[in-house]
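Peer 1: Please see the structure below; I have some questions.
So, in structure tokens, the structure goes:
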């Protein structure tokens, strides 16, 4: 019975670690895309980007979202470009998705993996500066907009780094406490198996296990709120 009690805590530690790693990897990838687009020079692409045409207007709309540090899905783009009443137009949605797929092949757009299977795919620009197939230099953000977005991103990266350090400290505390609980119960079982039970060892070990369990539970509850 005691073994099961310790085993549950060990599973809890692994669960916390898996969730943290999953979230960090996702954020790191998306932040990397933002960084690369902001730092990119003119990128040569095999598509014409002419104002008024789908490729240009979609790129410009994605840029608006991306400068706000977020990635739009196809309905976000349609709502921004044509109004909310058009987001239920299945034919328009499929047409835009087809164009975006071609833009991905030409190097203008990146299609991001879905966070959840039922979500729509999101899109990002690979750069804010392009040299299109007609050799025209195309800008989807001013130097000032790029500078301001870099400052926002820098702040987010600093916050994320601080949060990672805090999460690592929490995981270490949980590991130490779980190990303490495990060793305390080992000491109790060993003491009970002896021909003469030492009450001092029994009481101290039980007290350590109980106190460590309480502290473990509090830290675990607080970590779920982060």
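In our numbering, the protein residues as written are 949 to 1174. Just so it is clear, CB atoms sit at the ideal spot from N, CA and C, and this is done for glycine as well. Model, not experiment: these values are computed from the prediction.
1. Specify, as a first and last residue, the run of the beta strand (DSSP E) that residue 1073 falls within.
2. Classify residue 1107 as helix, strand or coil using the three-state DSSP reduction.
3. For residue 1057, which of helix, strand or coil comes out of DSSP?
4. Helix, strand or coil, according to DSSP, for residue 1035 in the structure here?
5. Using CA atoms only, rank isn't needed, just tell me which of 1017, 1001, 978 is closest to residue 1094.
6. Apply the 10 Å Cβ neighbour rule to residue 1014 and answer buried if 16 or more other Cβ atoms are within range, or exposed otherwise.
7. State the DSSP-derived secondary structure class of residue 1085, mapped to helix, strand or coil.
8. My assumption, with CB atoms under 8 Å, is that residue 1073 sits in contact with residue 1007. Please give the rounded CB distance.
9. Rounded to the nearest angstrom, what separates residue 1023 and residue 1002 at their Cα positions?
10. On the criterion of 16 or more Cβ atoms from any shown chain inside 10 Å, does residue 1106 qualify as buried, or is it exposed?
11. Check each candidate in 1050, 1146, 1032, 1076 and name the one with the smallest Cα separation from residue 984.
12. Starting from the Cα of residue 1138, find the closest Cα among 997, 1150, 980 and give me that residue.
13. Report the rounded CA-to-CA distance for residue 1092 versus residue 1009, giving the unit in angstroms.
14. Assign residue 1021 to one of three DSSP states: helix, strand, or coil.
15. Return the residue from the list 1126, 996, 986 that minimises the CA-CA distance to residue 1157.
16. Give the DSSP bridge partners of residue 992, in chain order.
17. Can you give the Cα-Cα distance for residue 991 and residue 1169, rounded to whole angstroms?
18. Helix, strand or coil: how does DSSP classify residue 1066 here?
19. Can you tell me where the alpha helix (DSSP H) holding residue 998 begins and where it ends?
20. Mind checking residue 1115: buried by the 16 CB within 10 Å criterion, or exposed?
21. How big is the Cα-Cα spacing for residue 1033 and residue 1026?
Peer 2: In brief:
1. 1070 to 1073
2. helix
3. DSSP places residue 1057 in the strand class (E or B) of the three-state scheme.
4. coil
5. 1017
6. Around the beta carbon of residue 1014, 16 or more other beta carbons lie within 10 angstroms, which makes this residue buried.
7. Here DSSP, grouped into helix, strand and coil, assigns residue 1085 to strand.
8. 6 Å
9. In a straight line, the C-alpha of residue 1023 is about 15 Å away from that of residue 1002.
10. exposed
11. 1076
12. 1150
13. 18 Å
14. Of the three classes helix, strand and coil, the one that applies to residue 1021 here is strand, per DSSP.
15. 1126
16. 1079
17. 48 Å
18. coil
19. Counting along the chain, residue 998 falls outside any alpha helix (DSSP H), and DSSP gives it neither H nor E.
20. buried
21. 9 Å
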